[in-house]
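Residue numbers (my numbering): 200 to 280.
First the structure, in the form of structure tokens, and then the observations on it.
Now the structure itself:
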């Protein structure tokens, strides 16, 4: 007797290195997390992360409100440039 699991197989991952973008800030990945159930001592409930694809530089910023993301992105942009 064969089960469905007997007939399944795993797809292989491609070997090799992913192509990074040639210039800093060509592609930036970001994620906003929150609201957290408990505020930090500084009163923040959110945080945002930015990852530059070329340099792999990762920065995280604590936020009180989600509407601060754009201002914080401008800080990230200036710092990575």
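For every residue, glycine included, the Cβ atom is placed at its ideal position computed from N, Cα and C.
These numbers come from a predicted model, not from an experiment.
Return the first residue and the last residue of the beta strand (DSSP E) that residue i is part of.
i: residue 259; result: 257-262
i: residue 231; result: 227-232
i: residue 247; result: 245-251
To the nearest angstrom, how far is it from the Cα of residue i to the Cα of residue j?
i: residue 272; j: residue 248; result: 9 Å
i: residue 209; j: residue 217; result: 21 Å
i: residue 260; j: residue 237; result: 17 Å
i: residue 214; j: residue 254; result: 21 Å
i: residue 235; j: residue 241; result: 13 Å
Using a Cβ-Cβ cut-off of 8 Å (strictly less than) and excluding sequence neighbours within five positions of residue i, which residues of its own chain qualify?
i: residue 252; result: 219, 220, 225, 226, 227 and 228
i: residue 284; result: Residue 284 falls outside the range modelled here, since the chain spans only 200 to 280, and no answer is possible.
Please identify the residue among the options whose C-alpha is closest to the C-alpha of residue i.
i: residue 239; options: 262, 270, 254 and 277; result: 262
i: residue 244; options: 250, 230 and 264; result: 264
Starting from the C-beta of residue i, find all residues in its chain whose C-beta is less than 7 Å away, skip the five residues before and the five after it, and write them out in chain order.
i: residue 256; result: 279
i: residue 267; result: none
Using beta carbons (cut-off 8 Å, strictly below), is residue i in contact with chain C?
i: residue 221; result: No chain C appears in this structure, which consists of one protein chain only.
Which residues in the same chain have their Cβ closer than 6 Å to the Cβ of residue i, if we skip the five residues on either side of it in sequence?
i: residue 258; result: 249 and 275
i: residue 232; result: 246
What span of residues does the alpha helix (DSSP H) with residue i cover, start to end?
i: residue 217; result: First-last for residue 217: undefined, no H or E at that position.
i: residue 270; result: 268-279
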